[in-house]
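Rendered as structure tokens:
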């Protein structure tokens, strides 16, 4: 199933400068992904996930710089985030800035989510299986968010620690130096851990009227984005957002305020079914679990909602054919 993706042109422009400085060929990566330089003239570059995957995989192969995601994140300063960055700069407190990130990150990088947990943790998840690009996008978002929070707090050390769900890479020492805080790997979730005493501190540059206007701009951008999402992508996004469980189609219908008949009809128009979407999600997650090597087959069966390991093994054989 094709998953539509849109990325801000300014992000890709920053990436082009970085890649060329490192000896890569940005234009060649665009060609590999069936994208064109003219697309950068629009505010958002639109394609599908397979194109994004080919583009960034090509770039990583060209320059062989494992910490490329963190390097890109360093270049995505708060002013590159459009209405979201404008809102962050005028948030009254750090806690309200978290709410903005949770509500509106999709208007900048639509397949990633930030969730506030226990007030001082920002949990990063993805709506799609990032596979080999998990490290890249995790570092991009975590670095960009860290820098934005520090900027609005006048360069205070807001982030106490960064947790990554993937295994520790050989370049971990370099990454730790770039983040300038504790960085831990092989964690249950990718997350930014915030200094709790700073949450309610007022941000001196905040302007209430500008903040309200910027929030309205973010809400309008999010509404426009949601209208362009395919129906199957909305279903997929809700399934992936249901942490550690797989909702049945009746629950999804309640969330989308539709009947099961409407669900089936709309998915059929896009050439898929609820079962196919669920199968695709579980197949992608299984491949990620296998690549990480952190779970036994029994554990993977449980995480993917199978009643026993035998059923999971049969599904695994089917997926790997």
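In our numbering, the protein residues as written are 89 to 409.
C-beta atoms are modelled at their ideal positions from N, C-alpha and C, and glycine is treated no differently.
Counting only C-beta atoms, is residue i closer than 7 Å to chain C at any point?
i, result
"residue 104", "Within the model displayed, chain C is absent; a lone protein chain is all it includes."
Candidates the options: which alpha carbon is nearest residue i's?
i, options, result
"residue 249", "216, 255, 150 and 284", "284"
"residue 341", "319, 309, 125 and 201", "319"
"residue 362", "327, 222, 379 and 108", "327"
"residue 130", "165, 179, 96 and 368", "96"
"residue 168", "99, 377 and 383", "99"
"residue 387", "257, 245 and 397", "397"
"residue 365", "323, 333, 353 and 344", "323"
"residue 246", "218, 280 and 222", "280"
"residue 276", "111, 380 and 107", "380"
"residue 257", "231, 244, 224 and 289", "224"
"residue 216", "383, 368, 244 and 300", "368"
"residue 151", "170, 107 and 338", "107"
"residue 305", "384, 242 and 191", "191"
"residue 141", "355, 265 and 222", "222"
"residue 266", "308, 295 and 230", "230"
"residue 289", "307, 301, 268 and 244", "244"
"residue 354", "405, 139, 268 and 317", "317"
"residue 378", "335, 339, 357 and 405", "405"
"residue 188", "383, 310, 153 and 261", "310"
"residue 170", "376, 204, 308 and 383", "308"
If I measure Cβ to Cβ from residue i and keep anything under 7 Å in the same chain, skipping five residues before and after, which residues do I get?
i, result
"residue 392", "370, 373, 374 and 400"
"residue 313", "194, 195 and 198"
"residue 407", "371 and 374"
"residue 303", "175"
"residue 112", "147, 150 and 151"
"residue 104", "114"
"residue 343", "326"
"residue 139", "121, 122 and 123"
Using 7 Å as the threshold, is the C-beta distance between residue i and residue j below it?
i, j, result
"residue 252", "residue 220", "no"
"residue 109", "residue 259", "no"
"residue 200", "residue 185", "no"
"residue 287", "residue 182", "yes"
"residue 122", "residue 93", "no"
"residue 73", "residue 228", "With the chain covering only 89 through 409, there is no way to say anything about residue 73."
"residue 91", "residue 321", "yes"
"residue 255", "residue 226", "no"
"residue 210", "residue 202", "yes"
"residue 208", "residue 282", "yes"
"residue 350", "residue 337", "no"
Apart from the five residues just before and just after residue i, which ones in its own chain have a Cβ nearer than 8 Å to its Cβ?
i, result
"residue 394", "400 and 403"
"residue 272", "249, 250, 251 and 252"
"residue 413", "Residue coverage of the chain in this structure runs from 89 to 409, which leaves residue 413 outside it and unanswerable."
"residue 133", "94, 95, 96, 97, 100, 123 and 127"
"residue 125", "115 and 118"
"residue 295", "178"
"residue 333", "393"
"residue 440", "Beyond the ends of the chain as shown, which are 89 and 409, falls residue 440; an answer cannot be given."
Could you tell me whether any non-hydrogen atom of the ligand SAM is closer than 6 Å to the CB of residue i?
i, result
"residue 347", "The ligand SAM is absent from the structure shown, which contains no ligands of any kind."
Who are the near neighbours of residue i in its chain, counting only those whose CB is closer than 6 Å to its CB and skipping five residues on each side?
i, result
"residue 270", "249"
What runs of the alpha helix (DSSP H), each 4 residues or longer, lie entirely inside the stretch 101-168? The stretch 101-168 contains these whole alpha helix (DSSP H) runs: 114-120, 137-151 and 156-163.
Mind listing, in chain order, the continuous beta strand (DSSP E) runs of no fewer than 3 residues lying wholly within the stretch 167-230? 200-205 and 209-214
Let me know the alpha helix (DSSP H) ranges lying completely inside the stretch 246-312, each 4 residues or longer, listed in chain order. 260-267
Is there contact between the stretch 222-236 and the stretch 156-164, where contact requires at least three CB pairs shorter than 8 Å? yes
Is the stretch 145-154 touching the stretch 109-123 in the sense that three or more CB pairs, one from each, lie closer than 8 Å? yes
Quick one: complete alpha helix (DSSP H) runs, 4+ long, within the stretch 374-406? 385-391
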